[in-house]
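The structure appears right after this line, and notes come after that.
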Amino acid sequence: MAAAAGLRAFGAKVPAWLWRGRCGPLAAGFCSGGPTGARRPEPEPGSRLTSSRQRDGIRNIVLSNPKRRNALSLAMLKSLRSDILHEAESEDLKVIIISAEGPVFSSGHDLKELTDEQGPEHHAEVFQTCAEVMMLIQNHPVPVIAMVNGLATAAGCQLVASCDIAVASDKSSFATPGVNIGLFCSTPGVALGRAVPRKVALEMLFTGEPISAQEALLHGLLSRVVPADQLEEETMRIARKIASLSRPVVSLGKAAFYKQVHQDLRTAYHLASQTMVNNVALQDGQEGIKAFIQKRKPVWSH
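Using full-length UniProt numbering, the letters of the sequence shown correspond one by one to residues 1 to 302.
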């Protein structure tokens with residue numbers, strides 16, 4: 001990834017997971033990046049538009065600008081990137097949940113940043129930073145869950161589609177309405193087109209009309225839909241289950257899934273078979289097998 005390429009250019013140690021992906025690292029200069037691992041990459045002063053807390057292996061990242069409909073401004077994206085990257089390799093981190101304050105999960109990009117006054121260089125930074133955040137979610141070593149309670153549009157819908165798991169309340173809705181204001185949702189279409197059938201994605205992109213949570217579930221944009229008063233409970237149930245498992249095993253499995261999913265069948269099985277060999281060789285792989293044979297609960301290393 002470009003984040004990794006930029007770090008290597010400055011002689012920094014690059015976490016292996018930043019290099020993962022079917023297409024390999026992108027061209028250097030794709031994003032401004034910043035140190036990863038133990039140090040938190042700091043966004044610009046006064047730009048903390050997210051909040052983050054972690055307990056029992058679960059990190060909760062909250063989009064915290066409801067007055068602006070949690071728009072994915074450049075400052076919001078940098079703040080979100082910082083929270084995603086913070087101690088990403090820590091053994092204490094098992095799963096990430098991304099949620100939002102207020103009735104709108106995210107309305108997408110801040111259109112005030114996309115006028116002629118800012119110019120094409122600023123526009124490019126906005127879209128490139130957004131793309132980096134979406135790729136970081138897929139390449140992150142732990143599962144990332146979107147917890148949606150309300151409207152998710154344009155890049156907000158892209159964020160939901162980019163997460164590994166998405167749980168939404170039954171009052172949520174999803175749309176890519178950019179075409180209605182002359183700004184086709186091309187980048188949201190990347191994630192959307194990989195999450196739902198092509199004809200569903202194109203109808204959303206061409207018309208800009210929203211779909212309900214139940215429709216989103218039917219088409220594969222969501223993992224499950226629950227009543228609003230059960231949303232946090234159900235999301236935490238999934239997160240706690242993941243957090244109770246072996247981080248090395250889950251991390252290995254996540255990376256392998258995304259590596260094989262768009263390959264032809266023969267290549268996919270080759271990659272997955274090698275992953276199984278590597279999994280068996282893990283300390284936790286052997287612990288799990290022995291625990292099953294001995295009819296006891298496994299004791300994971302992490």
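Glycine included, each C-beta is placed from N, C-alpha and C at the ideal position.
Selection from Val167, Glu125, Ser301 and Ser73 that minimises the alpha carbon distance to Asp284: By one-based count along the sequence shown, residue 284 stands at place 284. Checking every option, the nearest Cα to that of Asp284 belongs to Ser301.
Short Cβ contact (8 Å threshold) for Arg81 with Val160: What you label residue 81 is simply residue 81 of the sequence shown in a count that begins at 1. What you label residue 160 is simply residue 160 of the sequence shown in a count that begins at 1. No. Outside cutoff.
Length of the line joining the Cα atoms of Pro103 and Asp110: Numbered from 1 along the sequence shown, position 103 holds the residue referred to as residue 103. Numbered from 1 along the sequence shown, position 110 holds the residue referred to as residue 110. The alpha-carbon atoms of Pro103 and Asp110 are separated by roughly 17 Å.
Continuous alpha helix (DSSP H) stretch holding Asn279: start and end: Reading the sequence shown from its first residue, position 279 is the one you call residue 279. Note, Asn279: alpha helix (DSSP H), Leu265 to Ala281.
For Ser106, the three-state DSSP class (helix, strand or coil): Along the sequence shown, one-based indexing puts residue 106 at 106. In the three-state reduction of the DSSP assignment, Ser106 falls in the strand class, which pools E and B.
Buried versus exposed, by CB contacts within 10 Å (16 or more), Val299: Translated into positions along the sequence shown, residue 299 becomes position 299. Classification for Val299: exposed.
Within 8 Å, strictly: CB atoms of Leu151 and Thr176: Walking along the sequence shown from the start, residue 151 turns up at place 151. Walking along the sequence shown from the start, residue 176 turns up at place 176. It is not a contact, given that the beta carbons lie outside the stated cut-off.
Identity of the residues DSSP links to Ile97 by a beta bridge: For the purposes of this step, residue 97 is taken as the residue at position 97 of the sequence shown. Per the DSSP secondary-structure output, Ile97 pairs in a beta bridge with Asn60 and Ile145.
Inter-residue Cα distance where the pair is Glu113 and Ala216: Here residue 113 refers to the residue found at position 113 when the sequence shown is read from its first residue. Here residue 216 refers to the residue found at position 216 when the sequence shown is read from its first residue. So the two alpha carbons sit approximately 29 Å from each other.
Thr50 and Gly108 closer than 8 Å at C-beta: Counting from one through the sequence shown, the residue named residue 50 turns up at place 50. Counting from one through the sequence shown, the residue named residue 108 turns up at place 108. One thing to note: Thr50 has its Cβ no nearer than 8 Å to the Cβ of Gly108.
Beta carbon of Val142 nearer than 8 Å to that of Ile96: Start at 1 with the first residue of the sequence shown, and residue 142 comes out as number 142. Start at 1 with the first residue of the sequence shown, and residue 96 comes out as number 96. Between Val142 and Ile96, the gap from beta carbon to beta carbon is short of 8 Å.
Paired residues, beta bridge with Val167 - DSSP: In the sequence shown, residue 167 corresponds to position 167, counting from 1. For Val167, which the question treats as bridged, DSSP gives the partners Met147 and Arg224.
CB of Ala291 within 8 Å of CB of Ile58, strictly: Numbered from 1 along the sequence shown, position 291 holds the residue referred to as residue 291. Numbered from 1 along the sequence shown, position 58 holds the residue referred to as residue 58. Not closer than 8 Å, so no.
Beta-carbon proximity check, Val167 vs Thr235, cutoff 8 Å: Your numbering for residue 167 matches position 167 in the sequence shown. Your numbering for residue 235 matches position 235 in the sequence shown. It is a contact, given that the beta carbons lie within the stated cut-off.
Those residues which DSSP pairs with Gln118 across a bridge: In the sequence shown, the residue the question calls residue 118 occupies position 118. According to the DSSP secondary-structure assignment, Gln118 is paired through a beta bridge with no residue.
Inter-residue Cα distance where the pair is Ser162 and Asp229: Counting from one through the sequence shown, the residue named residue 162 turns up at place 162. Counting from one through the sequence shown, the residue named residue 229 turns up at place 229. Near 25 Å, if we compare the C-alpha coordinates of Asp229 and Ser162.
Bridge partners - Ile211, DSSP secondary structure assignment: Stepping through the sequence shown from its first residue, residue 211 is reached at position 211. According to the DSSP secondary-structure assignment, Ile211 is paired through a beta bridge with Phe174.
Range of the contiguous beta strand (DSSP E) that encloses Gln54: Here residue 54 refers to the residue found at position 54 when the sequence shown is read from its first residue. Per DSSP, Gln54 is one residue of the beta strand (DSSP E) stretching across Thr50 to Arg55.
Contact between the segment 207–221 and the segment 56–73 (3+ Cβ pairs under 8 Å): With a cut-off of 8 Å, the segment 56–73 and the segment 207–221 do not count as touching, because too few Cβ pairs lie within range.
Proximity of Leu136 and Phe174 at Cβ, strictly below 8 Å: Against the sequence shown, residue 136 aligns to sequence position 136. Against the sequence shown, residue 174 aligns to sequence position 174. No, the Cβ-Cβ distance between Leu136 and Phe174 is not below 8 Å.
is_contact[Val261, chain D] using C-beta, thresh 8 Å: The structure shown contains no chain D; it is built from a single protein chain.
Rounded separation between Glu117 and His123 - CA only: As a working mapping, residue 117 is identified with position 117 in the sequence shown. As a working mapping, residue 123 is identified with position 123 in the sequence shown. Taking the straight line from one Cα to the other gives about 10 Å.
Through-space distance from Pro197 to Leu282, alpha-carbon basis: The sequence position of residue 282 within the sequence shown is 282, counting from 1. The sequence position of residue 197 within the sequence shown is 197, counting from 1. Within the model, the alpha-carbon separation for Leu282 versus Pro197 is close to 36 Å.
DSSP three-state assignment for Ala152, whether helix, strand or coil: Within the sequence shown, residue 152 is the residue found at index 152, counting from 1. Strand.
Check whether Val144 and Asp164 have beta carbons under 8 Å apart: Counted from its first residue, the sequence shown places residue 144 at position 144. Counted from its first residue, the sequence shown places residue 164 at position 164. Pairing Val144 with Asp164 gives a Cβ-Cβ distance under 8 Å.
Inter-residue Cα distance where the pair is residue 309 and Ile238: One cannot answer for residue 309 here, as it falls past the ends of the chain, which runs 1 to 302.
Cβ neighbour criterion (16 or more within 10 Å) applied to Pro227: Here residue 227 is taken as the residue at index 227 of the sequence shown, counted from 1. When all chains shown are included, Pro227 counts as exposed.
Residues near Gln138 in its chain [Cβ-Cβ closer than 8 Å; skip 5 each side]: The sequence position of residue 138 within the sequence shown is 138, counting from 1. So the qualifying residues of the chain are Gly21, Ser162, Asp164 and Tyr258.
C-alpha gap between Thr207 and Gly119, whole angstroms: Taking the sequence shown and counting its residues from 1, the one referred to as residue 207 is at position 207. Taking the sequence shown and counting its residues from 1, the one referred to as residue 119 is at position 119. Cα-Cα distance, rounded: 28 Å.
Distance between Gln260 and Arg194 (C-alpha atoms, nearest Å): Along the sequence shown, read from residue 1 onward, the residue named residue 194 stands at position 194. Along the sequence shown, read from residue 1 onward, the residue named residue 260 stands at position 260. Approximately 14 Å, taken between the alpha carbons.
Euclidean distance between Cα positions of Val280 and Glu125: The residue given as residue 280 occupies position 280 in the sequence shown. The residue given as residue 125 occupies position 125 in the sequence shown. The alpha-carbon atoms of Val280 and Glu125 are separated by roughly 42 Å.
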